[in-house]
Amino acid sequence: MAMSLKKITAIAVGGAMVASTLASGVAAETVVIGDVDEFMKNVVKDGKPNVDIVVGSKAAAMDVVAAADIAAKIGSMCYKEATIEDGLAKLGFTASADSELTFDLKGIYPNDTEIILMAAPRSSYTSGLLPDLFTLSGQIEGLEKIVEGLISVNISKAVIDPNVRRLSTLVRDSDADPNDVNNNDKSEDAIEFLLTNVYKKDNETYIIPKKGMLYGTLMFEDGKKDFAHISRVHIGMEMPFLGEIYRIVDVDGKSIYLGKDAYSGILRDGEIVDIGNGYQVKVKKVLVSIETGDTKVAIEILKDGKVVKSADEERPYVLRHGEIGVIVYDAHMDIPRDYGYASLIITKDVKEYKLGEKFDGDWKLYAIAKDDNRILVKKTKFDTEEDTLTDYITIQVGSEDLPVCGLALRYEGDEIKDLDIGDVVEFVNDYAMVEFTDDDEEDKLYAKYKMEISKDVTLDIGQKIEILNAEIELKDIKATAQEVVPIETPIAKLDTEASLDTDKYLILVGGPVANKLTEELQKQGKVNINNDSPATLQVVDGRILVVAGGDRHKTREAALYLIQNY
1260 MAMSLKKITA
1270 IAVGGAMVAS
1280 TLASGVAAET
1290 VVIGDVDEFM
1300 KNVVKDGKPN
1310 VDIVVGSKAA
1320 AMDVVAAADI
1330 AAKIGSMCYK
1340 EATIEDGLAK
1350 LGFTASADSE
1360 LTFDLKGIYP
1370 NDTEIILMAA
1380 PRSSYTSGLL
1390 PDLFTLSGQI
1400 EGLEKIVEGL
1410 ISVNISKAVI
1420 DPNVRRLSTL
1430 VRDSDADPND
1440 VNNNDKSEDA
1450 IEFLLTNVYK
1460 KDNETYIIPK
1470 KGMLYGTLMF
1480 EDGKKDFAHI
1490 SRVHIGMEMP
1500 FLGEIYRIVD
1510 VDGKSIYLGK
1520 DAYSGILRDG
1530 EIVDIGNGYQ
1540 VKVKKVLVSI
1550 ETGDTKVAIE
1560 ILKDGKVVKS
1570 ADEERPYVLR
1580 HGEIGVIVYD
1590 AHMDIPRDYG
1600 YASLIITKDV
1610 KEYKLGEKFD
1620 GDWKLYAIAK
1630 DDNRILVKKT
1640 KFDTEEDTLT
1650 DYITIQVGSE
1660 DLPVCGLALR
1670 YEGDEIKDLD
1680 IGDVVEFVND
1690 YAMVEFTDDD
1700 EEDKLYAKYK
1710 MEISKDVTLD
1720 IGQKIEILNA
1730 EIELKDIKAT
1740 AQEVVPIETP
1750 IAKLDTEASL
1760 DTDKYLILVG
1770 GPVANKLTEE
1780 LQKQGKVNIN
1790 NDSPATLQVV
1800 DGRILVVAGG
1810 DRHKTREAAL
1820 YLIQNY
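Residue numbering for the sequence shown follows the numbering used here, beginning at 1260 and increasing consecutively.
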């Protein structure tokens, strides 16, 4: 481990100036001048962007990333109704975002170093899982607890880049147990994350090794974001998977079944719910024992009026037939004991995925499990256990019965060699990518995560979905044809392409040195941003919002504050 200590220390010292700037930036507060709440109410009009986001033509890369993140924020507020006379509406969605750049791979990191990049939907998750990355102990703890069990890594050569933390288009599900299946009155959080190992052999040779890239999902206790509060999953929970929200329907051997919501709620015995394509689910009978309190629920799945699958078991249990899954998680009788009621989650489009098998190309599926010291990928068979207190079904994996806390897709193809400026390495299904760039700087090389993704979905009237961090509901159908409905994300403009004389609202990213429009406001005496200014949000004349600070780090901090608080 001595080699590791020297190497990580050298990297920390080599990046000391950047490190101290970053650390001090986190500690500082953001100054807010004017009514930002009122300003943000006007940036979307009739479901479309009503704002131009302006960044300096010669601004630092960090300013450009800040502008892109703000654009994604505005895009998530946009909407457009798709209406047709009858049938279904087909909707299309597009989203894009970039992470921060790594530190300079050539100038900061020594040769023979494995550089680890991790990103989550919010930087607070990355910081929670990988705290204190500017200390030696923090680096070692992060490598051992989070990285080593997920991807190929040599800890004696490895260092986690502290600059890459957030990719805003990754999905966060803030209520992963909306039906409170586990009966704890809490809303677990589920996130997507990315992990990559970039091996620097020398200043000209960069490689991603076999098993060196991973897309994953993780469950956390409500509001928590650190290793200690990674939570186990159970049947009936929601889980993000490649940009969409699925229900965990069932497990069997090495197979896990994921489906889309068709119905969730309470049905009285004898009631039937239609779920489309000729399928119905019926609660035939609910019986509760007076002596023991044990509850049995009889369920039928019907196709075109005929029973195709049925069960009569004690709850909780799962009934599957083809692409239909029914989770029976609770039941009770009314006080006169005239009727029984069953709590159900009904899913459609249920798909089976097998651990250890190819998911797509060179990517294989794993369960993410947790032991006392780390999270790790497992491909041995699943098992389930019924909690004796709450009657919900937890999921374990492997001979050790480790609790499952997420899923992973890992790259297991050949090592990817000769990476250089302009190269892009795709994640599974082209969901995300690692991009290498010089950021228009001489003799530099950086890496970053990037997403440019589109999704098509079909909705019925009243149906809601969560996709690409947006909740969409089809409220009505009025026209006579189907219409594709994109979420339009405003594109950031350069200061050479924009003017203060516009009917649109403006968000100016960067201070007077970096942004010509901010410089105009400074000359008019409407803002006062200098090299010592803290992260600042300032509303000017009610229609201009300046997002700036004394340097690019302060500007970035101001942008993050805007995204997270408005």
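For each residue, glycine too, the CB sits at the ideal point set by N, CA and C.
Bridge pairing for Asn1456: Ile1375 [DSSP]. CA-CA distance, Ala1356 to Thr1696, rounds to 16 Å. Around the beta carbon of Gln1823, fewer than 16 other beta carbons lie within 10 angstroms, which makes this residue exposed.
Cβ-Cβ separation between Thr1372 and Met1710: approximately 26 Å, too far for a contact (criterion under 8 Å).
Going by DSSP, Ile1333 is part of the alpha helix (DSSP H) stretching over Ala1320 to Ser1335. Counted as a single uninterrupted DSSP element, the beta strand (DSSP E) harbouring Gly1475 occupies residues Met1472 to Phe1479.
Tyr1384 is positioned such that its CB atom lies no closer than 8 Å to that of Ile1292. Per DSSP, the continuous alpha helix (DSSP H) segment holding Met1299 begins and ends at Val1295 to Met1299.
Counting the other Cβ atoms within 10 Å of the Cβ of Thr1717 gives fewer than 16, which makes it exposed.
Phe1618 sits in a strand when the DSSP states are folded into three classes. A straight line joining the alpha-carbon of Leu1796 with that of Lys1763 spans about 18 Å. With 16 or more neighbouring CB atoms inside 10 Å of its own CB, Ile1489 falls in the buried class. Cβ atoms of Lys1469 and Leu1614 stay farther apart than 8 Å, at about 19 Å.
Counting every other CB atom within 10 Å of its CB across the protein chains shown gives Asn1536 a total below 16, marking it as exposed.
Taking every protein chain shown into account, the CB of Glu1700 has fewer than 16 other CB atoms within 10 angstroms, so this residue is exposed.
In summary, Arg1425 is buried, with 16 or more beta-carbon neighbours lying within 10 Å of its beta-carbon over all protein chains present.
DSSP, reduced to helix, strand and coil, places Thr1761 outside both helices and strands of the structure shown, so it counts as coil. At the C-beta level, Thr1643 and Val1656 stay beyond 8 Å of one another. Taking C-alpha positions only, Ala1325 is separated from Leu1360 by approximately 12 Å.
In the DSSP assignment, Lys1782 falls within the unbroken alpha helix (DSSP H) covering Lys1775 to Lys1782.
In this structure, the alpha-carbon of Leu1776 lies about 9 Å from that of Val1314.
Judged by DSSP in its simplified three-state form, Val1687 adopts helix. When C-alpha distances from Ala1521 are compared across Asp1533, Ala1706 and Asp1528, the shortest belongs to Asp1533. No alpha helix (DSSP H) of 4 residues or more sits fully in the region 1635 to 1705.
Using a Cβ distance threshold of 8 Å, Ile1525 and Ala1601 count as a contacting pair.
In the displayed model, Ala1356 falls within a strand according to three-state DSSP.
The closest CA to that of Thr1761, considering only Ile1803, Glu1573 and Asp1593, is found on Ile1803.
The beta carbon of Ile1675 sits closer than 7 Å to those of Ile1466, Ile1467 and Val1684, all from its chain and outside the five residues before and after it, given in chain order.
Assigned with DSSP and collapsed to three states, Tyr1600 falls in strand. For Arg1811, same chain residues with a beta-carbon under 7 Å away, outside a window of 5 residues either side, are Ala1319, Met1321 and Asp1322 in chain order. The C-alpha of Ile1583 lies about 20 Å from the C-alpha of Tyr1651. Boundaries of the alpha helix (DSSP H) harbouring Ser1386: Ser1382 to Leu1388, taken from the DSSP string. The Cβ-Cβ distance between Val1440 and Met1377 does not fall below 8 Å. Between Gly1599 and Val1547, the gap from beta carbon to beta carbon is short of 8 Å. When the Cα atoms are used, Lys1304 and Leu1767 turn out to be separated by approximately 19 Å. In the DSSP assignment, Thr1795 falls outside any alpha helix (DSSP H) and lies within the beta strand (DSSP E) extending over Thr1795 to Val1799.
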